[in-house]
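Only one structure is covered here, and it is reproduced in the block below.
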Amino acid sequence: MKSFLIIGMGSFGHHLCQSLAQYECEILVVDSDPSAVEDVLSLGVSARIGDCTNVEVLRSFSINLFDACFVCMGTNFKNSLQISSFLKELGAKKVYAKADEDIQAKFLKRNGADEVIYPERHISEQLAMKVCSDFVFDCMPLVENYYIAEIKTQPQWIGHSIVEINFRAKYNLNIVAIKCEEEIKPVSGANYIFTENEHLMVLGHMDDIWKVTNQS
């Protein structure tokens with residue numbers, strides 16, 4: 691069973707806690723406001739009240755025992771920097787920190803964060819891509835600006851194989867699976883022939899996904 695530390699119980703911290711709890715993980719949540727942790731206690735998580743900008747408070751949690759630590763501070767970016775740095779100094783295996791801007795991500799990575807999370811930005815990008823294209827049905831962020839997207843097979847591909855279209859070179863995207871109704875199957879090879887009523891699961895940069903789904 692994996693164990694996680696979540697610091698900062700704002701909106702994102704709450705959603706993260708609820709999602710992790712579904713997988714029966716050991717979770718410790720920390721916030722300086724007692725009322726911020728009350729509603730997650732029913733999920734079976736542990737909670738502490740404390741100021742994590744105090745390194746001695748963090749030290750008391752045995753940071754090195756957690757599989758990952760999440761810094762989910764809301765508006766105080768200085769605190770996020772300080773806590774990320776302390777976590778790394780105390781032996782954190784993996785530090786995820788929330789950011790709202792690229793400049794914040796730059797400083798967080800310099801101060802101990804292994805990965806930076808942009809929850810609002812990722813959601814807005816996913817939603818924008820879905821509503822602005824009739825060919826995108828779903829998308830999931832991987833790393834910054836790269837997604838796995840479910841797209842509709844376009845009419846000009848039907849009856850042709852992947853190698854015949856030269857899909858990877860032409861569109862700069864990788865096909866990772868084919869979705870027929872609710873069944874997802876891995877691609878059988880470059881000789882796979884596109885058919886109607888199927889969707890493609892493609893991996894690539896959001897700009898390339900946008901281009902291939904908005905061709906005239």
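Residue numbers for the sequence shown follow our numbering, beginning at 691 and rising by one. C-beta atoms are modelled at their ideal positions from N, C-alpha and C, and glycine is treated no differently. Given the structure is predicted, the values throughout are model-derived calculations rather than measurements.
How big is the Cα-Cα spacing for residue i and residue j?
i	j	result
LYS799	VAL745	19 Å
LEU733	GLN772	29 Å
THR765	LEU710	23 Å
LEU832	VAL720	27 Å
GLY703	MET896	27 Å
GLY907	MET691	A question about residue 907 goes unanswered here, because the residues of the chain that appear run from 691 up to 906.
TYR786	PRO724	23 Å
ASN864	SER770	36 Å
LYS768	VAL727	22 Å
GLU871	GLU886	11 Å
GLN708	MET763	17 Å
THR903	LYS869	17 Å
Which partner residues does residue i have in the DSSP bridge list?
i	result
ALA867	PRO876, MET891
SER736	LEU718
ALA789	Answer is none; ALA789 lacks a bridge partner.
ILE838	MET830, LEU893
ILE852	In DSSP, ILE852 forms no bridge with anything.
SER693	GLU716
ALA758	PHE694
VAL806	ALA787
Where does residue i sit, in a helix, a strand or coil, going by DSSP?
i	result
MET830	strand
CYS707	helix
GLU886	coil
LEU674	Residue coverage of the chain in this structure runs from 691 to 906, which leaves residue 674 outside it and unanswerable.
ASN766	coil
PHE751	coil
CYS780	A small fix is needed here, since residue 780 is Leu in this sequence, not Cys. It is coil, neither helix nor strand.
GLN844	coil
Between residue i and residue j, how many whole angstroms is the CB-CB distance? I'm expecting something under 8 Å.
i	j	result
SER736	ILE717	7 Å
ASN835	VAL853	Not a contact, Cβ separation roughly 27 Å.
SER774	ALA803	5 Å
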